[in-house]
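Trainee: In the UniProt record's numbering, the protein residues as written are 1 to 585.
#1: What are the boundary residues of the beta strand (DSSP E) that includes residue 435?
#2: Please return the same chain residues whose Cβ sits closer than 6 Å to the Cβ of residue 563, not counting the five positions on each side in sequence.
#3: Throw me the rounded Cβ distance for the residue 303 and residue 14 pair, which I believe falls under 8 Å.
#4: If you measure between the beta carbons of residue 468 and residue 503, is that distance less than 8 Å?
#5: Is it buried or exposed for residue 252, if we count other Cβ within 10 angstroms and need 16 for buried?
#6: Exposed or buried, which one is residue 231 when buried takes at least 16 other CB atoms within 10 Å?
#7: Whose C-beta lies closer than 6 Å to the C-beta of residue 85 among residues of the same chain, with five residues either side of it excluded?
#8: If residue 255 sits next to residue 220, beta carbons under 8 Å apart, how far is it from one beta carbon to the other, in whole angstroms?
#9: Roughly how many angstroms separate the alpha carbons of residue 466 and residue 436, rounded to a whole number?
#10: What residue range does the alpha helix (DSSP H) around residue 327 cover?
#11: Any heavy atom of the ligand HEM within a distance shorter than 7 Å of the CB on residue 536?
#12: Measuring CA to CA, which of 458, 195 and 249 is closest to residue 495?
#13: Three-state secondary structure (DSSP) at residue 163?
#14: Is there at least one Cβ from chain C nearer than 8 Å to residue 565's Cβ?
#15: Do residue 624 and residue 25 have their C-beta atoms closer together than 8 Å?
#16: Three-state secondary structure (DSSP) at residue 120?
#17: Distance check for residue 51 and residue 250, CA to CA, integer angstroms please.
#18: Please name the residue, chosen from 139, 124 and 363, that lies closest to residue 145 on a Cα-to-Cα basis.
#19: Over the uninterrupted alpha helix (DSSP H) stretch that includes residue 244, give me the two end residues.
#20: On a CA-only basis, which of 508, 515 and 528 is nearest residue 568? Give me that one, please.
#21: Considering only the beta carbon of each residue, do residue 461 and residue 500 sit closer than 8 Å?
#22: Take residue 379 and list the residues in its own chain whose beta-carbon comes closer than 8 Å to its own, dropping the five residues that flank it on each side.
#23: Could you check which residue in 23, 187 and 191 has the C-alpha nearest to that of residue 82?
#24: Since I believe residue 16 is in contact with residue 206 (beta carbons under 8 Å), could you give me their beta-carbon distance rounded to a whole number of angstroms?
#25: Could you check which residue in 519, 37 and 498 has the C-alpha nearest to that of residue 282?
#26: If you draw a straight line from the alpha carbon of residue 393 to that of residue 475, how long is it in whole angstroms?
#27: Spatial neighbours of residue 342 within its chain, please: C-beta separation below 8 Å, excluding the five flanking residues on both sides.
#28: Count the other C-beta atoms from every protein chain shown that fall within 10 angstroms of the C-beta of residue 210, then say buried if there are 16 or more, exposed otherwise.
#29: Should residue 326 be labelled buried (16 or more other beta-carbon atoms within 10 Å of its own) or exposed?
#30: Got a sec? Which residues, its chain only, sit under 8 Å from residue 492 by beta carbon, not counting five neighbours each side?
#31: Using 8 Å as the Cβ pair cut-off and three pairs as the minimum, do the segment 517-524 and the segment 549-562 touch?
#32: Around the C-beta of residue 531, are 16 or more other C-beta atoms found within 10 angstroms, so that it is buried, or is it exposed?
#33: From this set, 98, 194 and 168, which residue's C-alpha is nearest residue 139's C-alpha?
#34: Count the other C-beta atoms from every protein chain shown that fall within 10 angstroms of the C-beta of residue 30, then say buried if there are 16 or more, exposed otherwise.
#35: Roughly how many angstroms lie between the CA atoms of residue 169 and residue 272, to the nearest whole one?
#36: In chain order, what residues of the same chain have a beta carbon less than 6 Å from the beta carbon of residue 397, not counting five sequence neighbours either side?
This is how it looks when you write it as structure tokens:
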């Protein structure tokens, strides 16, 4: 099968080519979109940081005005001098100022001029401080160079709806905050302090973020009516912002009359001002042209590399499939010695080739093995039958010996042989799951054997709740545990050895406690035994206990089984737990 002639591989190659083209194109588009979104996110983040900085700038100016007034009202001398300045004509004020200074012991006069000078030192954005005098109907305008200009004013020019506005917007990109000055003696208003701040200082914020000369980003400050107080582009000062209602309602994108889209970030501060940062949407999402070209070139390179790898892989697949088809044709003609070459790849074709080779090489062996297996199975069945006959033979032999012992008058040997024969017969005839009553009978026969052996050395007591006799138990659950007592627990030096078997119901389970007054077990050995029971570890002694525990776990689950612990008054307690169930027919 040649790759060029293989229709299926041509179709697969074309299909994968279109898939790779689609994936590479999709990845290109995805990463360009991802990068564009990241650029947009960064630009919006910078815009948000700028308007936050602008808000901090305005709040700082506002707080500076508050500090000025606090500074004035905390100094009675200074406040009195400013009030005199506002109430008196200039000659009268100067005369009173000289008289007050001559009467004081101060080196310099801490009055109006000092207050103005100190106020300018608080904030470098402070452009002018104006003192409006109601009695004189004059404005004294102090600049940060120490110059003063005085001119007349009409109170109606500053009042709005009969009240003094807290914020005054000026045409020269400045904002003023007003504070009323009262005579502390009469509490009458004598004038107004107007602190005028230069909003052009906001340009420094834009410069700090590298956006001052960027025409795509525009920062606006709006008053409560939507009038533009400040425009970083200097195009729309004191004009009405056309999209005020949209940004007030939380719009994040606006489209102007030229169909240009802008992303908008808005911040409403506590002074009733709205700070807007708007950035051209195309600019916000624009990637560097070099990035887009690089992404396209990388996509083309990836496509060409993928196509080359794809061609090489399909060529190899075609050759390997050709080998399989050739081998199948050989087998069809009866040649079972054919071998398909195995390559280093771990794939389905290699798996098929390996299995094909194994099938061909083992076909004759399989027939022979099937024949031998059948012979071995027959032999195993015969052995199993023979193993079943042996206990019958032993039981019958023991019964003959027992009868002979009775005839000879040796009744004790007869009883012992009867008990042993009973146990052999139980092993052969009974099912795996028996009743507790039957298990107790086995135990009694087994214990009677040891009673003959250790005459007057021990006694046993079996207590069982009457309604538990017909409940099920695994055959020979107790016999290995009783045997364990006679091997490890009994003390032959004393005559009061005692073994108690207590069978009772606890909730939905049956619990059997095998309690002795023997030697007991050390704490370390007890922990080792319980650990081995839990892990079913047959590496040491106590095989009988492990056998009992494992059979219970297999039949009933891991929550049941055998636990070993020391008795309260010495000796050992072996506790067997299994579910309370009826014996099945």
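All C-beta atoms, glycine included, are put in the ideal place defined by N, C-alpha and C.
Mentor: To lay it out plainly:
#1: As a position in the chain shown, residue 435 is number 435, starting the count at 1. Counted as a single uninterrupted DSSP element, the beta strand (DSSP E) harbouring residue 435 occupies residues 433-435.
#2: To locate residue 563, count along the chain shown from 1; it is residue 563. If we look at residue 563 and ignore the five residues flanking it on each side, its Cβ neighbours are 575.
#3: Numbered from its first residue, the chain shown carries residue 303 at position 303. Numbered from its first residue, the chain shown carries residue 14 at position 14. At roughly 14 Å, the Cβ-Cβ gap does not stay under 8 Å, so residue 303 and residue 14 are not in contact.
#4: Against the chain shown, residue 468 aligns to sequence position 468. Against the chain shown, residue 503 aligns to sequence position 503. Contact flag set, yes.
#5: On the chain shown, position 252 is the one that residue 252 refers to. The residue in question, residue 252, is exposed, as its Cβ has fewer than 16 Cβ neighbours within 10 Å.
#6: Residue 231 sits at position 231 when you count from the first residue of the chain shown. Buried is the label assigned to residue 231, since at least 16 other Cβ atoms lie within 10 Å of its Cβ.
#7: Locating residue 85 in the chain shown gives position 85, counting from the first residue. These residues qualify, in order along the chain: 93 and 112.
#8: Counting from one through the chain shown, the residue named residue 255 turns up at place 255. Counting from one through the chain shown, the residue named residue 220 turns up at place 220. Not a contact, Cβ separation roughly 17 Å.
#9: For the purposes of this step, residue 466 is identified with residue 466 of the chain shown, where counting begins at 1. For the purposes of this step, residue 436 is identified with residue 436 of the chain shown, where counting begins at 1. If you draw a straight line from the Cα of residue 466 to the Cα of residue 436, it comes to about 10 Å.
#10: As a working mapping, residue 327 is identified with position 327 in the chain shown. Looking at the DSSP string, the run of the alpha helix (DSSP H) that includes residue 327 is 289-332.
#11: With respect to the ligand HEM, the structure offers nothing, as it holds no ligand at all.
#12: Start at 1 with the first residue of the chain shown, and residue 495 comes out as number 495. Nearest in C-alpha terms to residue 495, of all of 458, 195 and 249, is 458.
#13: Mapped onto the chain shown, residue 163 falls at position 163. In the three-state reduction of the DSSP assignment, residue 163 falls in the strand class, which pools E and B.
#14: The structure shown contains no chain C; it holds only a single protein chain.
#15: The requested residue 624 does not occur in the structure, where the chain is confined to residues 1 to 585.
#16: Locating residue 120 in the chain shown gives position 120, counting from the first residue. Three-state result, residue 120: helix.
#17: Along the chain shown, read from residue 1 onward, the residue named residue 250 stands at position 250. Along the chain shown, read from residue 1 onward, the residue named residue 51 stands at position 51. Cα to Cα, residue 250 sits roughly 15 Å from residue 51.
#18: By one-based count along the chain shown, residue 145 stands at place 145. Checking every option, the nearest Cα to that of residue 145 belongs to 124.
#19: Taking the first residue of the chain shown as position 1, residue 244 is located at position 244. Here the alpha helix (DSSP H) through residue 244 covers 244-248.
#20: Here residue 568 corresponds to residue number 568 of the chain shown, with the count starting at 1. Out of 508, 515 and 528, 515 has the C-alpha closest to the C-alpha of residue 568.
#21: Walking along the chain shown from the start, residue 461 turns up at place 461. Walking along the chain shown from the start, residue 500 turns up at place 500. Pairing residue 461 with residue 500 gives a Cβ-Cβ distance under 8 Å.
#22: Position 379 of the chain shown, counted from the first residue, corresponds to residue 379. Low confidence applies to residue 379: its pLDDT is 48, below 50, so where it sits in the model is not reliable enough to give any reading.
#23: The count along the chain shown starts at 1 and reaches residue 82 at position 82. Relative to residue 82, the option among 23, 187 and 191 whose CA is nearest is 191.
#24: Walking along the chain shown from the start, residue 206 turns up at place 206. Walking along the chain shown from the start, residue 16 turns up at place 16. So it is not a contact: roughly 53 Å between Cβ atoms.
#25: Start at 1 with the first residue of the chain shown, and residue 282 comes out as number 282. For residue 282, the nearest C-alpha among the options comes from 37.
#26: Here residue 393 corresponds to residue number 393 of the chain shown, with the count starting at 1. Here residue 475 corresponds to residue number 475 of the chain shown, with the count starting at 1. With a pLDDT of 44 at residue 393, under the threshold of 50, the predicted position of this residue should be treated as unreliable, and no value is reported.
#27: As a position in the chain shown, residue 342 is number 342, starting the count at 1. Same-chain partners within the cutoff: 350, 353, 354 and 357.
#28: Here residue 210 refers to the residue found at position 210 when the chain shown is read from its first residue. Exposure of residue 210 is indicated by the presence of fewer than 16 other C-beta atoms within 10 angstroms of its C-beta.
#29: To locate residue 326, count along the chain shown from 1; it is residue 326. Classification for residue 326: exposed.
#30: Reading the chain shown from its first residue, position 492 is the one you call residue 492. Closer than 8 Å at the Cβ level, and outside the excluded window around residue 492, lie 454 and 457.
#31: no
#32: The count along the chain shown starts at 1 and reaches residue 531 at position 531. By the neighbour-count rule (16 or more Cβ atoms within 10 Å), residue 531 is not buried but exposed.
#33: Walking along the chain shown from the start, residue 139 turns up at place 139. Of the candidates 98, 194 and 168, the one whose C-alpha sits nearest the C-alpha of residue 139 is 194.
#34: Position 30 of the chain shown, counted from the first residue, corresponds to residue 30. Burial call: exposed.
#35: Locating residue 169 in the chain shown gives position 169, counting from the first residue. Locating residue 272 in the chain shown gives position 272, counting from the first residue. Looking at the two C-alpha atoms, the distance is approximately 13 Å.
#36: Taking the chain shown and counting its residues from 1, the one referred to as residue 397 is at position 397. In this prediction, residue 397 has a pLDDT of 49, which is less than 50 and means its spatial position is unreliable; nothing more can be read from the coordinates.
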